[in-house]
Each structure stands twice: as structure tokens, then as C-alpha cells.
Amino acid sequence: MTSTAMSSTLDNLGIKRAGATTTATTTKPAKKSATTLDQGDFLQLLTAQLKNQDPFAPMDNTQMVAQMAQFSSVAGISEMNTTLGAIATKLNATTPSDAMNYVGKTVLTQGNTAYGRASGGLAGQIELDGAASDVAVTIADANGAVVKSLSLGSQQGGTVGYDWDGKTADGKEAGAGPFTISVSAMNGNTAVGSRSLVWAPVQSVSMPATGSPVLTVAGLGQVQLSAVRSVG
């Protein structure tokens with residue numbers, strides 16, 4: 000392919016070579032980025048190369064086949080990535096029937112209101128932003144009176160579980176709740192970021208026109224499905 004023909008073809012595609020000068024200004028908008036070549040561009044270049052090759056020294060067939068094979072591989076990989084992306088989106092999506100399965104179950108999510116188990120007591124977790132030398136859980140009844148304080152001692156950062164037997168400090172049954180959970184974490188004299196995770200029953204599910212399903216959880220109100228840590 001001659002240099003003049005190659006230059007003309009590249010100019011028609013809107014691709015500028017290093018050192019090339021512009022002799023005319025056009026107002027025609029570019030169809031694509033000047034640095035992007037697609038299959039149509041490749042075929043145009045190949046056609047121009049075949050039309051302008053030296054008849055006494057034609058282009059090597061082996062080289063042409065190698066170029067076409069390389070382009071086919073790139074195009075195939077691009078299509079495969081698009082397909083895999085669509086599959087991943089489908090797998091990560093939650094259907095209405097999936098969301099409705101949450102109704103009647105208990106979920107673990109961030110909150111401060113917890114209900115006792117049928118067998119008595121309750122379990123919960125604490126998320127710690129870092130290591131703490133002293134972690135404590137305070138459980139209060141519906142009137143705000145403290146019924147139990149739990150000391151979890153020294154803990155590493157991450158998630159820490161606790162289990163309360165449902166008895167007050169003087170050994171009496173505290174009832175079924177609801178209870179208000181407060182957590183605190185200290186590392187020496189420095190407070191450590193912490194969040195209370197509680198188990199609560201799902202009462203209903205709503206499916207907004209856009210976005211993920213929203214759960215209505217007893218004592219906590221509306222909770223995004225993405226905020227659920229575990230399902231019981």
C-alpha cells in the first residue's frame with residue numbers, strides 16, 4: 000500500500016499521524032474518537048491496501064491472514080466481555096419472588112431495636128472499625144431502663160458476636176422486648192467506631208420502580224436489601 004493512499008485513508012477516518020499538517024478545515028463532525036478503530040475501519044484499511052498494492056510485489060498472504068486473525072480475536076474478546084457483563088448483572092439482580100422470600104424471616108442488619116427469641120434472650124453483633132481494649136453492650140427495656148450490661152472485654156477489629164440469656168442483672172426474666180441496644184468500644188482512652196447489628200423480623204417487602212427492594216423490618220422501619228448482613 001502506498002504512503003499517499005494510506006495517508007488518504009487515515010485522513011478519511013479522522014486519524015492524524017505524527018508530523019502531519021492540516022491543509023483544510025472541515026466542519027463535518029467526527030463519527031468516533033480519532034484514536035478508535037473498529038471492524039469497519041479495519042476493512043477499509045485492508046481494502047485500500049489491496050487496491051493500492053504493487054502488482055509486481057503483492058501483499059504477503061500470510062501477513063494478511065495473521066492481521067485478520069488478530070482482529071477477530073480482539074473482536075471476540077470484546078463480545079465475550081459484553082456477554083459476561085450481562086450475565087453478571089443478571090446474577091446480581093434480585094427478582095420480586097426472591098425479595099418476597101424475606102417476609103417472615105429474621106435478618107441481621109444495623110439497628111438498635113431488638114426482639115427476644117421465643118426461647119428467651121437475644122443475640123446480636125457489633126462491627127468494630129479497629130481493635131478495642133474494652134467493648135460493652137447495654138440492653139434497655141421499652142421504658143429505657145437498663146436490664147443488662149454485657150462486657151465483651153478486648154476485641155480485634157471486625158465483627159464481634161454476643162448472646163444474652165434474657166435475664167436481668169438480678170436473675171429475673173426480662174420479657175420479649177422490644178429492647179434497645181447500645182454499644183461502646185474504647186481502646187484505652189480513645190473511642191473506636193462501632194455499630195450495633197440486631198436480628199429483627201421482616202414484615203413486608205416493597206419493590207420500587209427503580210433501585211433495589213426495600214424491606215419493612217419490625218422496630219427498624221425500612222431497610223435496603225443491600226444492608227442485610229445475614230438471614231435467619
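Mapping the sequence shown onto numbering that gives the first Met the number 0, position 144 (from 1) lands on 143, and the numbers just tick up by one. Every residue, glycine too, gets a C-beta built ideally from N, C-alpha and C. Keep in mind the model is a prediction, meaning the values are calculated, not measured.
**Message:** With distance defined between alpha-carbon atoms, name the residue in S193, G157, A144 and V134 nearest to L233.
**Reply:** Absent from the model: residue 233. The displayed extent of the chain is 0 to 231, so no value can be given.
**Request:** Give the secondary structure of M206 by DSSP, where H, G and I count as helix, E and B as strand, and everything else as coil.
**Result:** In the three-state DSSP reduction, M206 falls in the coil class, being neither helix nor strand.
**Message:** Looking only at its chain, what residues have a beta carbon closer than 6 angstroms to the beta carbon of S245, apart from the 5 residues adjacent to it on each side?
**Reply:** Here the chain covers residues 0 to 231 and nothing more, so residue 245 does not appear.
**DSSP state of T46 mapped onto helix, strand, coil** = If DSSP states are grouped into helix, strand and coil, T46 belongs with the helices.
**Request:** Throw me the rounded Cβ distance for the G123 and G165 pair, which I believe falls under 8 angstroms.
**Result:** Actually they are not in contact, since the Cβ atoms of G123 and G165 sit about 13 angstroms apart, beyond 8 angstroms.
**Prompt:** Where does F178 land, buried or exposed, given buried means 16+ other C-beta within 10 angstroms?
**Reply:** Burial is judged here by how many other beta carbons sit within 10 angstroms of a residue's own beta carbon; F178 has at least 16 and is buried.
**Whole-angstrom distance between D140 and V201, CA atom to CA atom** = Roughly 21 angstroms separates the two Cα atoms.
**Prompt:** Taking W198 as the reference, which of N80, Q48, G39 and T108 has the closest Cα?
**Reply:** Residue T108 is the option with its Cα nearest to W198.
**Request:** Please state if the CB of I125 and the CB of L196 are separated by a distance shorter than 8 angstroms.
**Result:** L196 is a Cβ neighbour of I125, given a cutoff of 8 angstroms.
**Asked** The beta strand (DSSP E) spanning D162 covers which residue range?
**Response** Per DSSP, D162 belongs to the beta strand (DSSP E) from G157 to W163.
**Message:** Less than 6 angstroms between C-beta atoms, sequence neighbours within five positions excluded: which residues of the same chain meet that for R194?
**Reply:** Within the same chain, R194 has close Cβ partners Q109 and E126.
**Request:** Identify whether A141 lies in helix, strand or coil by the three-state DSSP scheme.
**Result:** Looking at A141 - three-state DSSP - the assignment turns out to be coil, as it is neither helix nor strand.
**Message:** Checking the sheet assignment: what are the DSSP bridge partners for Q180?
**Reply:** Looking at the sequence shown, residue 180 is not Gln but Ile. Per DSSP, I138.
**Message:** From the DSSP secondary-structure annotation, give me the bridge partner or partners of T112.
**Reply:** According to the DSSP secondary-structure assignment, T112 is paired through a beta bridge with T179.
**Asked** Under 8 angstroms, do A175 and G115 count as touching if we go by C-beta distance?
**Response** Taking 8 angstroms as the Cβ cut-off, A175 and G115 qualify as a contacting pair.
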